[in-house]
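Numbering (the numbering used here), first residue to last: 51 to 184.
Built from N, CA and C at the ideal position, the CB exists for glycine as well.
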Ligand code: ZN
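Listed below in structure tokens is the structure:
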């Protein structure tokens, strides 16, 4: 089952600059910074009440975030939904005809298993599914 929005991912160019912007915006500091080697990204997480924001900075030109920024500029990159069982949801979405970027879950930031659904099938919105690791 797909639950609440787990977080919103925002593509940024400069972690230091963006941190000072978001610190001022939220009047809050990040609770976590984490490098995800497989994605070649630096992530920065804020928790504001029930809402979580993930800032993503590319660590390589080959990173999906670098390509996204080159094409569209900085901004909202994806919306992540919490799921109970990511394997079941991926199978269900595949059967529904959605193109999956990740057919099997992979390790994401913040202790999650994640997978992405291709934005061409979701009105241009990149969707991430994430399940808390046991
Ligand atoms: Zn995310």
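Is residue j closer than 8 Å to residue i when the C-beta atoms are compared?
i: residue 131; j: residue 53; result: yes
i: residue 92; j: residue 83; result: yes
i: residue 61; j: residue 129; result: no
i: residue 163; j: residue 181; result: yes
i: residue 144; j: residue 161; result: no
i: residue 133; j: residue 179; result: yes
i: residue 69; j: residue 102; result: no
Cα-Cα, which of the options is closest to residue i?
i: residue 104; options: 147, 135 and 79; result: 79
i: residue 64; options: 112, 148, 95 and 108; result: 108
i: residue 177; options: 140, 88 and 160; result: 140
i: residue 85; options: 69, 68, 170 and 106; result: 106
i: residue 159; options: 89, 121, 173 and 171; result: 89
i: residue 94; options: 113, 117 and 67; result: 67
i: residue 157; options: 87, 81 and 172; result: 87
Could you spell out where the alpha helix (DSSP H) holding residue i opens and where it closes?
i: residue 69; result: 65 to 76
i: residue 138; result: 136 to 145
For the beta strand (DSSP E) that residue i lies in, which residues bound it at each end?
i: residue 119; result: Counting along the chain, residue 119 falls outside any beta strand (DSSP E), though it belongs to the alpha helix (DSSP H) covering 114 to 122.
i: residue 157; result: 156 to 158
i: residue 125; result: 125 to 133
i: residue 81; result: Taken as a continuous stretch (DSSP letters only), residue 81 belongs to no beta strand (DSSP E), as it is neither H nor E.
i: residue 179; result: 177 to 182
i: residue 151; result: Looking at the DSSP string, residue 151 is not in any beta strand (DSSP E), and its letter there is neither H nor E.
With a 10 Å radius around its C-beta and 16 neighbouring C-beta atoms as the bar for buried, classify residue i as buried or exposed.
i: residue 127; result: buried
i: residue 59; result: buried
i: residue 113; result: buried
Three or more beta-carbon pairs under 8 Å between the region 148 to 161 and the region 69 to 76, yes or no? Output reads no: the region 69 to 76 does not touch the region 148 to 161.
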